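J.: In the working numbering, the protein residues as written are 22 to 86.
Take a look at the following structure, please.
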């Protein structure tokens, strides 16, 4: 059986807000996530997704990194 973390645990582990983790879950950006009623379950071995907001801003500004 897989081990899962709550949104709060994931937010602390990744250094994100709980709301940001919820958004990533709802946008299917975290692989293996499960929603039971109003609670998200994130696999303990899930990787933190790349923040596309920063990448898109850099591309618009013409920056390479």
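For glycine and all other residues, C-beta sits at the position ideal for the given N, C-alpha and C.
These figures come from a predicted structure and were not determined experimentally.
Do residue 69 and residue 25 have their C-beta atoms within less than 8 Å of each other?
T.: For the purposes of this step, residue 69 is taken as the residue at position 48 of the chain shown. For the purposes of this step, residue 25 is taken as the residue at position 4 of the chain shown. No, they are not a contact pair.
J.: Take residue 32 and list the residues in its own chain whose beta-carbon comes closer than 8 Å to its own, dropping the five residues that flank it on each side.
T.: In the chain shown, counting from the first residue as 1, residue 32 sits at position 11. Taken in chain order, the residues that qualify are 38, 39, 41, 42.
J.: Please classify residue 62: does DSSP put it in a helix, a strand, or coil?
T.: Looking up residue 62 in the chain shown gives position 41. Three-state DSSP puts residue 62 in a strand.
J.: Start and end of the alpha helix (DSSP H) containing residue 41?
T.: Here the question's residue 41 lines up with position 20 in the chain shown. Start and end: 39 to 47.
J.: Locate the alpha helix (DSSP H) running through residue 34, then write down its first and last residues.
T.: On the chain shown, residue 34 is found 13 positions in, with the first residue counted as 1. From DSSP, the alpha helix (DSSP H) with residue 34 extends over 28 to 35.
J.: Relative to the C-alpha of residue 46, which candidate in 72, 62, 58 has its C-alpha closest?
T.: For this step, residue 46 is matched to residue 25 along the chain shown. Ranked by how close their Cα comes to the Cα of residue 46, the residues 72, 62, 58 have 62 in first place.
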